[in-house]
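Undergrad: Chains A and B, in that order, give the protein sequences.
Here the first sequence stands for residues 1 to 139, numbered as in this note's numbering.
Here the second sequence stands for residues 1001 to 1107, numbered as in this note's numbering.
Take a look at this one; I'll ask things after.
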Amino acid sequence: MNNRMELRFDALAENEAFSRMVISAFLVQVNPTMSVVSEVRTAVSEAVTNAIVHGYAGTTGTVVLRAQIESDQAVIEVEDYGCGIADVQKAMQPFYTSHPEQERTGIGFSLMQSFMDGVSVTSSPGSGTLVRMTKRLEA
Amino acid sequence: MLESRRTGDRLCVHLSGEIDHCVAASLRGEIESLLRDPTVKSLWLDFSDVTFMDSSGVGMIIGRYKTMKARGGSVHACGLHPPVDRLFHLAGLHRIIAIAGGDTEHE
Chain A
1 MNNRMELRFD ALAENEAFSR MVISAFLVQV NPTMSVVSEV RTAVSEAVTN
51 AIVHGYAGTT GTVVLRAQIE SDQAVIEVED YGCGIADVQK AMQPFYTSHP
101 EQERTGIGFS LMQSFMDGVS VTSSPGSGTL VRMTKRLEA
Chain B
1001 MLESRRTGDR LCVHLSGEID HCVAASLRGE IESLLRDPTV KSLWLDFSDV
1051 TFMDSSGVGM IIGRYKTMKA RGGSVHACGL HPPVDRLFHL AGLHRIIAIA
1101 GGDTEHE
């Protein structure tokens, strides 16, 4: 089956749990394994947290979560229109964080890469960041 | 909400629910306030009722590890469900936190 959805929400920490619930509920219709759901939930949580903590850094804004099921894979996007990332390669390095004082670990992107089959990040300073992830859905 | 129990110099903290960035910030404050007591030498974190954790939870644990290490104490974790256990390993937490099976009641 093919299906897609788009959700827009305010960049509030309270919406992190909400975004995880939505992605789980959306994927349930293709009957995924527990481990696929758990991995996708974690990857979405990392991307949404990045949008809130780094993209908007405490200011207000909108986060967009898009998901698309195309036959055997899910394509998931998390987009913000915040400050953007000047050096995406540096930001994606394991353990790199711009906020060590907030107990950020710098492993968010590494976890997205571990849990998903593909992760790409497009960003431009001043206009926002788009994280696009793909996940194979076992039959 | 967080439940804790003190036995000698050991403080057991029972965590529950989903530990993300939103929740980790308040847990950090609650556990740090319990650790103001300098006689606590070992911190036990019971994850048996934790249903989700991401890297924000990892950051919260590393923060408490630093607090305990500074006083020559230790941090232990128990009750890890497979997804949380996997996160512990991916993040390298198993190298600094002693992981026990079961929950603290049986240790």
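Using N, Cα and C, we set each Cβ at its ideal position, and we do this for glycine too.
1. Please name the residues in the segment 1029-1046 of chain B whose beta-carbon is closer than 7 Å to at least one beta-carbon of chain A, in chain order.
2. Taking just the CA atoms, how far does residue 1083 of chain B sit from residue 1050 of chain B?
3. Note down, in chain order, each residue of its chain lying with its Cβ closer than 6 Å to the Cβ of residue 1106 of chain B, except the 5 sequence neighbours on either side.
4. To the nearest angstrom, how far is it from the Cα of residue 1056 of chain B to the Cα of residue 1020 of chain B?
5. Just curious, the beta strand (DSSP E) that residue 1012 of chain B is in, first and last residue?
6. Can you give me the C-alpha to C-alpha distance between residue 64 of chain A and residue 112 of chain A, rounded to a whole angstrom?
7. What is the C-beta distance between residue 16 of chain A and residue 59 of chain A, in whole angstroms, given that I count them as a contact (C-beta under 8 Å)?
8. Based on DSSP bridge pairs, tell me the residues matched to residue 3 of chain A.
9. When you compare the CB positions of residue 75 of chain A and residue 1 of chain A, do they come within less than 9 Å of one another, or not?
10. Check residue 1066 of chain B in the structure and name its three-state DSSP category.
11. Residue 16 of chain A versus chain B: which residues are under 7 Å apart at the beta carbon?
12. At a Cβ cut of 7 Å, what residues of the segment 1047-1066 of chain B count as close to chain A, listed as they run along the chain?
13. Under a three-way DSSP split, which group does residue 28 of chain A fall into?
14. Out of A:14, A:117, A:39 and A:46, which one is the CA nearest neighbour of residue 79 of chain A?
15. Against chain A, which members of the segment 1088-1099 of chain B pass a CB distance test of less than 7 Å?
16. For residue 53 of chain A, return the contacting residues in chain B, with the cut-off set at a CB-CB distance below 7 Å.
17. Is there a Cβ of chain B sitting closer than 9 Å to that of residue 82 of chain A, yes or no?
18. Within its chain, find whatever has a CB closer than 8 Å to the CB of residue 108 of chain A; leave out the 5 residues flanking it on each side and keep chain order.
19. Is residue 1045 of chain B near residue 1015 of chain B, with beta carbons less than 9 Å apart?
20. Determine the burial state of residue 4 of chain A: buried for a count of at least 16 other Cβ atoms within 10 Å of its Cβ, exposed for fewer.
21. For residue 131 of chain A, collect the residues of the same chain with a Cβ closer than 6 Å to its Cβ; drop the 5 residues on either side in sequence, then sort them by chain order.
22. Identify each residue in the segment 90-113 of chain A for which the Cβ-Cβ distance to at least one residue of chain B is less than 7 Å, and report them in chain order.
23. Report the partner residues of residue 1100 of chain B according to the DSSP bridge assignment.
TA: To lay it out plainly:
1. Interface annotation for the segment 1029-1046 of chain B against chain A: empty, criterion Cβ-Cβ distance under 7 Å.
2. Approximately 10 Å between the Cα atoms of the pair.
3. In this predicted model, residue 1106 of chain B has a pLDDT of only 46, less than 50, meaning its place in the structure is not dependable; the value taken from the coordinates is given anyway. Correct list: empty, nothing qualifies.
4. Rounded to whole angstroms, residue 1056 of chain B to residue 1020 of chain B spans 5 Å at the Cα level.
5. In the DSSP assignment, residue 1012 of chain B falls within the beta strand (DSSP E) that extends over 1010-1019.
6. For the pair residue 64 of chain A and residue 112 of chain A, the Cα-to-Cα distance works out to about 17 Å.
7. Contact flag wrong, Cβ pair sits at about 17 Å.
8. For residue 3 of chain A, DSSP records a beta bridge to A:69.
9. Not a contact, by the Cβ cut-off of 9 Å.
10. DSSP places residue 1066 of chain B in helix when its eight states are reduced to three.
11. For residue 16 of chain A, the chain B residues whose Cβ falls inside 7 Å of its Cβ are 1020, 1021 and 1022, in order along the chain.
12. Using a CB distance below 7 Å, the part of the segment 1047-1066 of chain B facing chain A consists of 1052, 1054, 1055, 1056, 1058, 1059, 1060, 1062 and 1063, ordered along the chain.
13. Residue 28 of chain A falls in the helix class under three-state DSSP.
14. Per the Cα distances, A:46.
15. Listed by position along the chain: 1090 and 1091.
16. The answer, in chain order, is 1021.
17. No, residue 82 of chain A lies away from the interface with chain B (no Cβ there is under 9 Å from its Cβ).
18. Excluding sequence neighbours, residue 108 of chain A sits near 46, 47, 49 and 50.
19. It is a contact, given that the beta carbons lie within the stated cut-off.
20. It is exposed - the Cβ of residue 4 of chain A has fewer than 16 other Cβ atoms within 10 Å.
21. Cβ neighbours of residue 131 of chain A beyond the five flanking positions: 47, 78 and 121.
22. In summary, the residues of the segment 90-113 of chain A whose CB is separated from some CB of chain B by less than 7 Å are 103, 104, 105, 107, 108 and 111, in the order they occur in the chain.
23. Note: residue 1100 of chain B sits in a beta bridge opposite B:1078.
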